[in-house]
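Peer 1:
Protein chains: 2
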Amino acid sequence: MTFDAIDSKLIKLLQEDCKQTNKELSNKLNLSITAVYERIKKLENNGVIDKYVALIKKEAIEKSFVAFCHIKLTQHSQEYVIQFEKEVTKLEEVLECFHISGDYDYLLKVLVKDMEAFREFMVNKLTNINHIGSTHSMFMINEVKHTTAISI
Amino acid sequence: MTFDAIDSKLIKLLQEDCKQTNKELSNKLNLSITAVYERIKKLENNGVIDKYVALIKKEAIEKSFVAFCHIKLTQHSQEYVIQFEKEVTKLEEVLECFHISGDYDYLLKVLVKDMEAFREFMVNKLTNINHIGSTHSMFMINEVKHTTAISI
DNA sequence: GGTGAAATCCTCGGGGG
DNA sequence: CCCCCGAGGATTTCACC
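Set out below in structure tokens:
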């Protein structure tokens, strides 16, 4: 589908705050409430808007330790790859997992409570997965930027 | 603040879909609508819920090229660090930026249209920032997992 | 934590340019 | 095709138990 300037602005607004009423949006977009409603429905039906979620402040709950784990598999047979991806997806500590180019095969973003929790995660969960060759972990010192909003 | 089991489940539900009505939530939690309303308000006021956002499917817009950039600064004086972080935050292609431990200082997640757009980003935007020593980029081959929901 | 009612909002049929 | 108006039904919100 194609977007005009109004769609772009609407998407931007919804990425900032999806709980705005259509009335508020209609003011910001100089449209009627119905027009806003129809544009949003179109974005939802065309799969542009994937879903609406609440973002939790991780400092508010006791999880503020973020680690990035590079992982290399022992082999790259389809069977090993599929099994690894399936197992790693199940782990709730793993927020993101990407198959990437470079020296390692995967990059994981892991969120836990503290270093001790990370150690337990590595020993009891991650390295329990078969076919993992080597790992290399980096720890987050500070979060400079983190947005879910993508510009269009 | 402390959470009971109901709060935990409520947070889980809102992280999956924040547009559910309080009525739907009240059914899933075996509570009255008002009780749900008050628990949500408490989570918002205590800063547990940061915000409500729409997630856009990046395939639906023409941006599906993800790169991870490691960056090392030439120096680590406070002035250089602050300026780098300020400049990099401004870049709309940079979705995430973390100060990390290890061989490099920063890890960036960059979203652009394609490899050509990434080249332009590197040449015209990122390496235009002062005090960048070296960079090392990895490209996403496949997104195995990506969630904004954190378990509590 | 629950009840009830007012204020507000979502949703859609109908119509215009 | 994109937009607007208006009204019924659903939802949010709040004082009170």
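Here the protein sequences line up with chains A and B, keeping their order. For what it's worth, the working numbering labels the leading residue of the first sequence as 1, then goes sequentially. For what it's worth, the working numbering labels the leading residue of the second sequence as 1001, then goes sequentially. We treat Cβ as the ideally placed atom computed from N, Cα and C, and that holds for glycine. Keep in mind it's a predicted model, so treat the numbers as computed, not measured.
DSSP three-state label for B/E1044, please.
Peer 2: Helix, per DSSP.
Peer 1: Output the distance between the C-alpha atoms of A/C18 and A/G133, rounded to the nearest integer angstrom.
Peer 2: If you take the alpha carbons of A/C18 and A/G133, they lie about 43 Å apart.
Peer 1: A/K58 touches chain B at which residues, Cβ-Cβ below 7 Å?
Peer 2: Neighbours of A/K58 on chain B, chain order: I1150.
Peer 1: Measure how close the beta-carbons of B/I1011 and B/L1029 come, nearest whole angstrom, since I'm counting them as under 8 Å.
Peer 2: Wrong, their Cβ atoms sit about 11 Å apart, outside the cutoff.
Peer 1: In the DSSP assignment, the alpha helix (DSSP H) including B/T1135 goes from what residue to what residue?
Peer 2: Per DSSP, B/T1135 belongs to no alpha helix (DSSP H); it is in the beta strand (DSSP E), I1132 to H1146.
Peer 1: For A/F121 and B/K1109, what's the separation of their Cα atoms in angstroms?
Peer 2: Rounded to the nearest angstrom, the two C-alpha atoms are 24 Å apart.
Peer 1: Roughly how many angstroms lie between the CA atoms of B/L1025 and A/L13, to the nearest whole one?
Peer 2: Computed Cα separation, rounded: 25 Å.
Peer 1: Does the pairing of the segment 94–113 of chain A with the segment 72–83 of chain A give three or more beta-carbon distances under 8 Å?
Peer 2: Segments in contact, yes.
Peer 1: Would DSSP call A/D7 helix, strand or coil?
Peer 2: DSSP places A/D7 in helix when its eight states are reduced to three.
Peer 1: What do you reckon, are the CB atoms on B/C1097 and A/H146 nearer than 9 Å?
Peer 2: It is a contact, given that the beta carbons lie within the stated cut-off.
Peer 1: If we count the other Cβ atoms within 10 Å of its Cβ and call it buried at 16 or more, is A/I40 buried or exposed?
Peer 2: Label assigned to A/I40: buried.
Peer 1: Measuring straight from C-alpha to C-alpha, what distance separates B/K1042 and B/I1049?
Peer 2: Looking at the two C-alpha atoms, the distance is approximately 9 Å.
Peer 1: Considering only the alpha carbon of each residue, which of A/E16, A/K9 and A/F3 lies closest to A/T148?
Peer 2: Nearest option by C-alpha distance: A/E16.
Peer 1: Report the residue ranges of all beta strand (DSSP E) runs contained in full by the segment 1076–1132 of chain B; include only those spanning at least 3 residues, in chain order.
Peer 2: Listed in chain order, they are 1094–1100 and 1106–1112.
Peer 1: Exposed or buried, which one is A/E59 when buried takes at least 16 other CB atoms within 10 Å?
Peer 2: Burial call: exposed.
Peer 1: Which stretch, first to last residue, makes up the alpha helix (DSSP H) that contains B/K1028?
Peer 2: Counting along the chain, the alpha helix (DSSP H) containing B/K1028 begins and ends at N1022 to L1029.
Peer 1: Figure out for me which residue from B/Q1083, B/M1115, B/F1003 and B/M1138 has the closest Cα to the Cα of B/S1064.
Peer 2: Per the Cα distances, B/M1115.
Peer 1: By alpha-carbon positions, which one of A/L126, A/L31 and A/E44 ends up nearest to A/E92?
Peer 2: Nearest C-alpha to A/E92: A/L126.
Peer 1: Going along the chain, which residues of the segment 1047–1080 of chain B sit with their C-beta nearer than 8 Å to a C-beta in chain A?
Peer 2: Cβ contacts with chain A: G1047, V1048, I1049, D1050, K1051, Y1052, V1053, A1054, L1055, I1056, K1057, K1058, A1060, I1061, K1063, V1066 and F1068.
Peer 1: Measure the C-alpha to C-alpha separation of B/H1062 and A/I100 and round it to an integer number of angstroms.
Peer 2: Going by the sequence as given, residue 1062 of chain B is Glu instead of His. One C-alpha to the other measures close to 20 Å.
Peer 1: Note down, in chain order, each residue of its chain lying with its Cβ closer than 6 Å to the Cβ of B/M1138, except the 5 sequence neighbours on either side.
Peer 2: Contacts found: F1068.
Peer 1: Residues of chain A with CB under 9 Å from B/V1110, in chain order?
Peer 2: Result: empty, since nearest Cβ-Cβ is about 11 Å, beyond 9 Å.
Peer 1: Alpha carbons only, please: which of B/K1009, B/G1047, B/S1032 and B/E1038 is nearest the one belonging to B/M1001?
Peer 2: The candidate whose alpha carbon is nearest that of B/M1001 is B/G1047.
Peer 1: Using the C-alpha atoms, what's the distance from A/V112 back to B/K1057?
Peer 2: Distance between the alpha carbons of B/K1057 and A/V112 is about 27 Å.
Peer 1: For the beta strand (DSSP E) that A/K51 lies in, which residues bound it at each end?
Peer 2: That run of the beta strand (DSSP E) goes I49 to I56.
Peer 1: Can you check DSSP and say which residues form a bridge with A/L73?
Peer 2: In the DSSP output, where bridge partners are listed per residue, A/L73 has A/I132.
Peer 1: With which residues is A/A67 paired in a DSSP beta bridge?
Peer 2: Per DSSP, A/V110 and A/F139.
Peer 1: Return the chain-ordered list of same chain residues with a C-beta closer than 7 Å to the C-beta of A/I129, the five sequence neighbours on each side being excluded.
Peer 2: Cβ within range, chain order: F84, E87 and V88.
Peer 1: Output yes if chain A places a C-beta closer than 9 Å to the C-beta of B/K1028; else output no.
Peer 2: Taking Cβ atoms only, chain A never reaches closer than 9 Å to B/K1028, which makes this a no.
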